[in-house]
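Reviewing the structure listed below.
Given below as structure tokens:
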């Protein structure tokens, strides 16, 4: 829903050293909260908190995992956003009407 905060969590396991995670929306890197994990677990996780707008409807959000020891070997998972939003409405007077002079029965 437009304007409602939503959290997305991304977790990477099995990388040695632990992967560096990053969030992207339509190819643009986004800021997110990364969690520090003990090196011996080889687990990395990150959370993206987002309040989408109608302009984000259809956007592609991805989490990218990269092993710092293996440049260029990134993997990612993606989702396509579906944002629900209320319609906008605008009332306009016709070209030949002046709102101050409109009365019942006028066309």
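Residue numbers (full-length UniProt numbering): 1 to 107. Here a beta-carbon is modelled for each residue, glycine too, at the ideal position from N, C-alpha and C. Quick caveat, the model's predicted, so the values are computed rather than measured.
DSSP three-state assignment for residue i, whether helix, strand or coil
| i | result |
| --- | --- |
| residue 34 | strand |
| residue 82 | coil |
| residue 53 | coil |
Rounded distance between the beta-carbons of residue j and residue i, thought under 8 Å
| i | j | result |
| --- | --- | --- |
| residue 84 | residue 29 | Their Cβ separation, rounded to whole angstroms, is 26 Å, which puts residue 84 and residue 29 out of contact at 8 Å. |
| residue 59 | residue 19 | Wrong, their Cβ atoms sit about 24 Å apart, outside the cutoff. |
| residue 46 | residue 10 | 5 Å |
| residue 13 | residue 61 | Not a contact, Cβ separation roughly 20 Å. |
| residue 48 | residue 32 | 4 Å |
Classification of residue i by the beta-carbon crowding that lies within 10 angstroms, buried from 16 upward
| i | result |
| --- | --- |
| residue 70 | exposed |
| residue 67 | buried |
| residue 52 | buried |
Host beta strand (DSSP E) of residue i (start-end)
| i | result |
| --- | --- |
| residue 123 | Because the chain spans 1 through 107 in this model, residue 123 falls outside it and cannot be assessed. |
| residue 11 | 6 to 13 |
| residue 25 | 20 to 25 |
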